[in-house]
Amino acid sequence: MAAGDGTSALTVLSENPPVRVARGTYLQQEGIKLFSRVLLLTAAVMALLFVALGRELFVAPALPAPPALSPAFQRGDTAVVARLTAELRAWSELSSAHQRAAWDHFALGVKEVVVSILLPLLTGILGYIFGTRSQDADE
29 MAAGDGTSAL TVLSENPPVR VARGTYLQQE GIKLFSRVLL LTAAVMALLF VALGRELFVA
89 PALPAPPALS PAFQRGDTAV VARLTAELRA WSELSSAHQR AAWDHFALGV KEVVVSILLP
149 LLTGILGYIF GTRSQDADE
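Structural data, given as structure tokens:
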């Protein structure tokens, strides 16, 4: 139907009836339901893993207690300042190690649960559904 050729959309539709999509077999319909449930389970597991990751990342180790303010500190004693700097540097390294461990834990969870179990299951279900549909189309 080109613009200006005088045919209307109603004429085109009446000449070409809409294609009817046949409902799948009972097993195909159940396969689609199973796929949607496993997909929902996958989304829930991913959400739980992200929540666990958020909890790990935002719960940082406690800061070390500051040293008591002694008269030596108030005078600018370099030994006290150096000790405080070393404690803060150690806390920073501990916090970085904690965040790396949280990311590693999250990546391991995704690899073990989602990639190793749920995605192959989803792929198998979809392969079954579309494989049986293509067999039905060939017959």
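For the sequence shown, the positions run 29 to 167 when my numbering is used. Ideal Cβ placement from N, Cα and C applies to all residues, glycine included.
**Message:** Tell me the DSSP secondary structure of THR160 in three-state form.
**Reply:** If you number the sequence shown from 1, residue 160 lands on position 132. THR160: helix per DSSP, three-state reduction.
**Prompt:** Less than 8 Å separating the beta-carbons of LEU146 and VAL73?
**Reply:** Mapped onto the sequence shown, residue 146 falls at position 118. Mapped onto the sequence shown, residue 73 falls at position 45. Against a cut-off of 8 Å, the Cβ pair of VAL73 and LEU146 comes out as a contact.
**Message:** Quick check on the DSSP output: the alpha helix (DSSP H) that includes ARG48 runs from which residue to which?
**Reply:** What you label residue 48 is simply residue 20 of the sequence shown in a count that begins at 1. Taken as a continuous stretch (DSSP letters only), ARG48 belongs to no alpha helix (DSSP H), as it is neither H nor E.
**Request:** State the start and end residues of the unbroken alpha helix (DSSP H) segment that holds VAL143.
**Result:** As a working mapping, residue 143 is identified with position 115 in the sequence shown. Per DSSP, VAL143 belongs to no alpha helix (DSSP H) and is neither H nor E.
**Where GLY59 falls, given that 16 or more other Cβ within 10 Å makes a residue buried** = For the purposes of this step, residue 59 is identified with residue 31 of the sequence shown, where counting begins at 1. Counting Cβ neighbours within 10 Å, GLY59 comes out buried, since at least 16 surround it.
**Message:** Which of the three DSSP states is assigned to THR53 in this structure?
**Reply:** Counted from its first residue, the sequence shown places residue 53 at position 25. Correct three-state label for THR53: coil.
**Request:** Report yes if the CB atom of LEU55 is closer than 8 Å to the CB atom of ILE153, and no otherwise.
**Result:** For this step, residue 55 is matched to residue 27 along the sequence shown. For this step, residue 153 is matched to residue 125 along the sequence shown. Not closer than 8 Å, so no.
**Asked** Can you list, in chain order, the residues of its chain whose CB lies under 8 Å from that of VAL138, leaving out five sequence neighbours each side?
**Response** Within the sequence shown, residue 138 is the residue found at index 110, counting from 1. MET74 and LEU77.
**Message:** For MET29 and ARG48, what's the separation of their Cα atoms in angstroms?
**Reply:** Numbered from its first residue, the sequence shown carries residue 29 at position 1. Numbered from its first residue, the sequence shown carries residue 48 at position 20. Caution applies to MET29, whose pLDDT of 49 falls short of 50 and renders its modelled position unreliable; the model cannot decide the point.
**MET29, DSSP secondary structure in three states** = Counting from one through the sequence shown, the residue named residue 29 turns up at place 1. In this predicted model, MET29 has a pLDDT of only 49, less than 50, meaning its place in the structure is not dependable enough to derive any value.
**Request:** With hydrogens ignored, establish whether the beta-carbon of GLU58 is closer than 7 Å to any heavy atom of the ligand MN.
**Result:** The ligand MN is absent from the structure shown, which contains no ligands of any kind.
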